[in-house]
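Below: the structure, in structure tokens.
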Ligand code: MAN
Ligand code: CA
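Numbering (the working numbering), first residue to last: 69 to 275.
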């Protein structure tokens with residue numbers, strides 16, 4: 069546009085007023101085109117941001133909704149320092165306590181000294197204990213020798229297979245069960261060991 073203006077100026081050599089009117093005409097045209105183009109650009113931009121039905125906006129809107137769904141799914145089923153496994157949360161203690169104090173520690177965090185419900189869980193807990201150290205579970209025969217009862221009052225039934233070879237041997241009075249090496253062992257309840265608490269995982273199905 070600038071080139072045309074200079075060229076036109078060179079070709080036409082009328083009087084001062086004529087030159088001025090020609091010059092103004094070009095200037096006006098120049099200005100008008102700038103104003104029109106700017107107006108058009110602003111209109112397009114405003115329309116683009118305002119109208120939810122513009123194709124670009126719809127795409128952004130869809131992406132935002134998808135992002136919201138994903139953020140909503142970012143729900144932690146277990147608290148900080150608890151481990152999630154098959155819909156339950158487990159706490160592996162870092163300090164050691166006797167069996168009764170371990171049971172209390174779990175109650176204090178609205179959990180229970182672990183009760184084993186299935187083979188998968190047993191395997192997961194046994195492996196973790198093997199790494200972290202011998203740990204108490206919620207099983208004892210303190211009330212009646214040889215009668216193993218879970219901490220919720222239910223009797224030990226099908227999981228006798230998890231006792232280590234030769235256990236439980238009640239060696240010098242052993243009434244509490246621990247995870248030791250590849251299976252369970254009865255040990256003196258007064259000995260300080262790690263412990264494992266269990267509680268239900270938080271549900272993440274909110275909208
Ligand atoms: C240690 C203790 C006992 C256990 C035996 C097995 O003495 O852990 O509870 O029965 O080892 O050899
Ligand atoms: Ca034993």
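Think of the CB as a built atom: it goes at the ideal place given N, C-alpha and C, for glycine as much as any other residue.
Supposed contact pair residue j and residue i - C-beta distance, whole angstroms, cut 8 Å
{"i": "residue 217", "j": "residue 181", "result": "Contact doesn't hold; Cβ gap of about 12 Å is too wide."}
{"i": "residue 255", "j": "residue 246", "result": "5 Å"}
{"i": "residue 231", "j": "residue 161", "result": "Contact flag wrong, Cβ pair sits at about 23 Å."}
{"i": "residue 261", "j": "residue 164", "result": "5 Å"}
Spatial neighbours of residue i in its chain, beta-carbon cut-off 6 Å, leaving aside the 5 residues before and after
{"i": "residue 208", "result": "243, 244"}
{"i": "residue 174", "result": "180, 181, 265"}
{"i": "residue 271", "result": "none"}
{"i": "residue 159", "result": "150, 265"}
{"i": "residue 194", "result": "247"}
Residues of its chain near residue i, where Cβ-Cβ distance is below 7 Å and the 5 sequence neighbours each way are ignored
{"i": "residue 192", "result": "153"}
{"i": "residue 146", "result": "152, 157, 269"}
{"i": "residue 137", "result": "none"}
Spatial neighbours of residue i in its chain, beta-carbon cut-off 8 Å, leaving aside the 5 residues before and after
{"i": "residue 223", "result": "215, 216, 217"}
{"i": "residue 249", "result": "198, 232"}
{"i": "residue 235", "result": "251, 252, 253, 254"}
{"i": "residue 141", "result": "272"}
Paired residues, beta bridge with residue i - DSSP
{"i": "residue 158", "result": "151, 266"}
{"i": "residue 217", "result": "208, 223"}
{"i": "residue 248", "result": "251"}
{"i": "residue 165", "result": "261"}
{"i": "residue 180", "result": "266"}
{"i": "residue 203", "result": "247, 262"}
Spatially closest choice to residue i from the options, by CA coordinates
{"i": "residue 259", "options": "130, 159, 169", "result": "169"}
{"i": "residue 166", "options": "187, 205, 138, 239", "result": "205"}
{"i": "residue 210", "options": "228, 257, 177, 186", "result": "257"}
{"i": "residue 267", "options": "143, 183, 203, 229", "result": "183"}
Beta carbon proximity, residue i to chain D, threshold 8 Å
{"i": "residue 141", "result": "In the structure shown, chain D does not exist; there is a single protein chain."}
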